[in-house]
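Participant:
Protein chains: 2
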Amino acid sequence: MLRRALLRGKGFPGWWSAAVFGGIGGLRSGGILGGGPDVITFTGAMRSRSRPDWQDLRMTSAAAPKKDPWDLPDVSGLTVGVLGGTGDQGRGLAYRLALAGQRVIIGSRAAERAHEAATEIGHGVEGAANAECAERSDVVVVAVPWDGHARTLGALRAELAGKLVVDCVNPLGFDKKGAYPIKPEEGSAAEQAAALLPESRVTAAFHHLSAVLLADPAIDEIETDVMVLGEVRADCEVVQALAGRIPGMRGVFAGRLRNAHQVESLVANLISVNRRYGAHAGIQLTDV
Amino acid sequence: MLRRALLRGKGFPGWWSAAVFGGIGGLRSGGILGGGPDVITFTGAMRSRSRPDWQDLRMTSAAAPKKDPWDLPDVSGLTVGVLGGTGDQGRGLAYRLALAGQRVIIGSRAAERAHEAATEIGHGVEGAANAECAERSDVVVVAVPWDGHARTLGALRAELAGKLVVDCVNPLGFDKKGAYPIKPEEGSAAEQAAALLPESRVTAAFHHLSAVLLADPAIDEIETDVMVLGEVRADCEVVQALAGRIPGMRGVFAGRLRNAHQVESLVANLISVNRRYGAHAGIQLTDV
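Chains E and Z, in that order, give the protein sequences.
What the first sequence shows, in this note's numbering, is residues 1 to 288, in sequence order.
What the second sequence shows, in this note's numbering, is residues 1001 to 1288, in sequence order.
#1: Compute the beta-carbon to beta-carbon distance between Ala-1189 of chain Z and Asp-1216 of chain Z, rounded to the nearest angstrom, for a pair I have assumed lies under 8 Å.
#2: Which residues in chain E have a C-beta closer than 9 Å to the C-beta of Asn-1130 of chain Z? List them in chain order.
#3: What's the gap between the Cα of Pro-145 of chain E and the Cα of Gly-84 of chain E?
#4: Among Z:His-1207, Z:Asp-1235, Z:Val-1232, which residue has its Cα nearest to the Cα of Ser-1265 of chain Z?
#5: Are the C-beta of Gly-1162 of chain Z and some C-beta of chain E separated by less than 8 Å?
#6: Can you tell me whether DSSP reads Gln-240 of chain E as helix, strand or coil?
#7: Under DSSP, the beta strand (DSSP E) around Asp-1175 of chain Z begins and ends at which residues?
#8: Answer yes or no: do Lys-1177 of chain Z and Arg-256 of chain E have a C-beta to C-beta separation smaller than 8 Å?
#9: At which residues does the alpha helix (DSSP H) containing Ile-1271 of chain Z begin and terminate?
#10: Please report whether the beta-carbon of Glu-223 of chain E lies at a distance below 8 Å from any beta-carbon of chain Z.
#11: Below 9 Å on C-beta distance, what does Gln-1192 of chain Z contact in chain E?
#12: Going by the DSSP bridge assignment, what does Ser-108 of chain E pair with across the sheet?
#13: Hey, would you say Val-228 of chain E sits closer than 8 Å to Ala-254 of chain E, going by beta carbons?
#14: Report the neighbours of Lys-1067 of chain Z on chain B: residues whose CB is nearer than 9 Å to its CB, in chain order.
#15: Can you tell me where the alpha helix (DSSP H) holding Arg-1250 of chain Z begins and where it ends?
#16: Taking buried to mean at least 16 other C-beta atoms within 10 Å of its own C-beta, is Arg-151 of chain E buried or exposed?
#17: Give a yes or no on whether 8 Å exceeds the smallest Cβ distance from Arg-1258 of chain Z to chain E.
#18: When you check each C-beta in the segment 170-184 of chain E against every C-beta of chain Z, which residues fall closer than 8 Å?
#19: Comparing alpha-carbon positions, which option in E:Gly-81, E:Gly-248, E:Pro-181, E:Ala-243 lies nearest Asp-220 of chain E?
#20: Does the beta carbon of Asn-269 of chain E sit closer than 8 Å to a beta carbon anywhere in chain Z?
#21: Alpha carbon to alpha carbon, how far is Leu-213 of chain E from Ala-114 of chain E? Give it in angstroms, no decimals.
#22: What residues from chain Z crowd round Ala-254 of chain E, counting only those whose CB sits closer than 7 Å?
#23: For the alpha helix (DSSP H) holding Arg-1091 of chain Z, just list the boundary residues, first then last.
#24: What do you reckon, are the CB atoms on Val-1142 of chain Z and Ala-1193 of chain Z nearer than 8 Å?
#25: Applying a beta-carbon distance threshold of less than 7 Å, which residues of chain Z neighbour Ser-326 of chain E?
#26: Excluding five sequence neighbours on each side, which residues of the same chain lie with their C-beta closer than 6 Å to the C-beta of Arg-49 of chain E?
#27: Which bits of chain E does Ile-1283 of chain Z rub up against, with CB to CB less than 9 Å?
#28: Count the other CB atoms, across all protein chains shown, that sit within 10 Å of the CB of Thr-1119 of chain Z; report buried if there are 16 or more and exposed otherwise.
#29: Contact defined as beta carbons within less than 8 Å: I believe Val-1238 of chain Z pairs with Leu-1164 of chain Z. What is the distance between those atoms, to the nearest angstrom?
#30: Run down chain E in chain order and give the residues with a C-beta less than 7 Å from the C-beta of Met-1227 of chain Z.
#31: Near Gly-1230 of chain Z, which residues of its chain fall below 6 Å by C-beta distance, leaving aside the five closest residues on each side in sequence?
#32: Does any CB atom of chain E fall closer than 8 Å to the CB of Asn-1276 of chain Z?
#33: Could you have a look at Asp-225 of chain E and say whether DSSP puts it in helix, strand or coil?
#34: If we count the other Cβ atoms within 10 Å of its Cβ and call it buried at 16 or more, is Glu-1185 of chain Z buried or exposed?
#35: By the 10 Å Cβ neighbour count, where 16 or more other Cβ atoms means buried, how is Asp-225 of chain E classified, buried or exposed?
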């Protein structure tokens, strides 16, 4: 965790100075080994004359975080809406968040379907039409099919104004060779949401969870990391804290919305993993 | 691991039948909740009328793997060349593979630089000019800067003919907001390699390793998964086996080359993670 990393950082001033000196601003395009000043010092016999790779791009001292990144807000009092809450992913998330004690309202185009699904899920979950779900919620998770993503959000612009929106949609196509990413014109589903909802606080998260594992009442803990993306740190921290309410889960900040497409698209790779290994693959980040 | 997943699969015939019935071919574009037949049955109180999500897209029975996906070839006798072996990533990989007992030749534009770096790394690593490195190797890892990717590979087409090429280049750009993916015209660095090397067997792997951790002689094990992409299963299995030679590492098949861009691009997110948490983040796949 952070402490470990900091201790290591202190133990290896070479990397840290490389990081400080080689702050992002100083780098140019060029990929994994491209850009960056000639300052990294390898340990042991591994002296290197070459440039630091991306792993050495650390926060500059000037921009060093003023707070522990694991110090997250208390979100237990927030009401979470789940648009597409009658689908497998939305339903599974609603179930887990409600189990964790969160107040959850699932939304659907048809209020009746939402009510039925909410009754099935139990644990105090309520159902409502999408508009009411959005209006009554503090945080609104978007778990609708990619097909209906733009249409659904475009119609809820007013209800979602001022809300913290969490997009977890993965735009994918399928053919005989399996799954492949669809790149939305806006860059990603999350960026499409941000474009359609200028008055909302849009983040992206919960892309890599197995609806099957989420829904399985025999499973108490889901050991996985939730990559949380967004432009505003406070908003991302709320989503990270929400993810952390689910036993085994951890919310990890993983970049700005312009880096959402690859996070959404990675599901195509997880599908390949599932098919080869008969698994329900998820992601964990190491050394964090 | 696989056994766990298979047992669970047997325990939940609902998913399996959903998978078999909903084989990839039967799906249409539409993203995480889009496409797919209406067959998934949820466990417990979670009956669902909705469609299976991507986590339920399993190998169809007809296409079920005939072998244990963890049954990988013995690669201990193969010589591994590392183009860009004087850079941090290539150097770190060469060091770890040599430590594991692999015969390694690092390549550089200048033979002398390669010889110097090889001497510094030790453990029997040899150095050579890129062309000789390619010619003398069975497996050739491409760890050059993205800037020089096309130029380097284009010049080695003859030497790389028939070789197993492992591309681990991450095309990234950097600006004040951090890192962002660069999308090559061919779709990814790996697909560019495949286009430039029609007579080679091109795979992609080793994208998410920390050069810093690879190079640190105080670190014995690097607990991470190496996502291996490619078109030919036998070629991917050689790369998976190579990754598995490094203590703590596991090579996992993660899709075709057309799904390489998001794997390469995910490094932009790992950079954000590293900066926020002061880490050297890597990836592990859960439930696999």
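Glycine included, C-beta positions come from ideal geometry on N, C-alpha and C.
Facilitator: Looking at the atomic coordinates:
#1: With a Cβ gap of about 26 Å, Ala-1189 of chain Z and Asp-1216 of chain Z do not count as contacting.
#2: What Asn-1130 of chain Z touches in chain E: nothing, since even the nearest Cβ is about 15 Å away.
#3: Here the alpha carbon of Pro-145 of chain E sits roughly 8 Å from the alpha carbon of Gly-84 of chain E.
#4: A check of alpha carbon separations from Ser-1265 of chain Z across Z:His-1207, Z:Asp-1235, Z:Val-1232 identifies Z:His-1207 as the nearest.
#5: Answer no: the Cβ-Cβ gap between Gly-1162 of chain Z and chain E never drops below 8 Å.
#6: DSSP, reduced to helix, strand and coil, places Gln-240 of chain E within a helical segment of the structure shown.
#7: In this chain, the beta strand (DSSP E) harbouring Asp-1175 of chain Z covers 1172-1175.
#8: Result yes, Cβ atoms of Lys-1177 of chain Z and Arg-256 of chain E sit closer than 8 Å.
#9: First-last of the alpha helix (DSSP H) with Ile-1271 of chain Z: 1261-1277.
#10: With 8 Å as the cut-off, Glu-223 of chain E counts as an interface residue toward chain Z.
#11: Going along chain E, no residue has its Cβ under 9 Å from Gln-1192 of chain Z, so there is no contact; the nearest lies around 12 Å.
#12: Answer by DSSP bridge pairing, in chain order: E:Ala-129.
#13: Contact: yes.
#14: Of the protein chains in the structure, E and Z, none is chain B.
#15: Here Arg-1250 of chain Z belongs to no alpha helix (DSSP H); instead the beta strand (DSSP E) covers 1249-1253.
#16: Flag for Arg-151 of chain E reads exposed.
#17: Closer than 8 Å: yes.
#18: Flagged, chain order: Asn-170, Pro-171, Leu-172, Gly-173, Phe-174, Asp-175, Lys-176, Lys-177, Gly-178, Ala-179, Tyr-180, Pro-181, Ile-182.
#19: Checked all of E:Gly-81, E:Gly-248, E:Pro-181, E:Ala-243; the closest Cα to Asp-220 of chain E is E:Gly-248.
#20: Yes - at least one Cβ of chain Z is within 8 Å of the one on Asn-269 of chain E.
#21: Distance between the alpha carbons of Ala-114 of chain E and Leu-213 of chain E is about 21 Å.
#22: Asn-1269, Ser-1272, Val-1273, listed in chain order.
#23: It spans 1088-1099 - the alpha helix (DSSP H) in which Arg-1091 of chain Z sits, taken as one unbroken run.
#24: Yes, Cβ-Cβ distance for Val-1142 of chain Z and Ala-1193 of chain Z is below 8 Å.
#25: The shown model of chain E, from 1 to 288, leaves out residue 326 of chain E, and the question about it has no answer.
#26: Note on Arg-49 of chain E: pLDDT 34, under 50, position unreliable in the model; the coordinate value appears next. By the criterion of a C-beta distance shorter than 6 Å, Arg-49 of chain E is surrounded by no residue of its chain, once the five residues flanking it on both sides are discounted.
#27: Those are Ile-283, Gln-284, Leu-285, Thr-286, listed as they occur along chain E.
#28: Residue environment: Thr-1119 of chain Z is assigned as exposed (fewer than 16 neighbouring CB atoms within 10 Å of its CB, all protein chains considered).
#29: Indeed, because the Cβ distance is near 6 Å, the residues count as touching under 8 Å.
#30: Going along chain E in sequence order, the residues near Met-1227 of chain Z (Cβ under 7 Å) are Asn-269.
#31: Excluding residues up to 5 positions away in sequence, Thr-1203, Cys-1236 lie with their Cβ nearer than 6 Å to the Cβ of Gly-1230 of chain Z in the same chain.
#32: Per the sequence presented here, residue 1276 of chain Z reads as Arg, with Asn not at that position. In terms of beta-carbon proximity, Arg-1276 of chain Z lines the interface with chain E, with at least one pair separated by less than 8 Å.
#33: Strand at Asp-225 of chain E.
#34: Exposed, since its Cβ has fewer than 16 Cβ neighbours within 10 Å.
#35: Asp-225 of chain E is classed as buried because its beta carbon has at least 16 other beta carbons within 10 Å across all chains shown.
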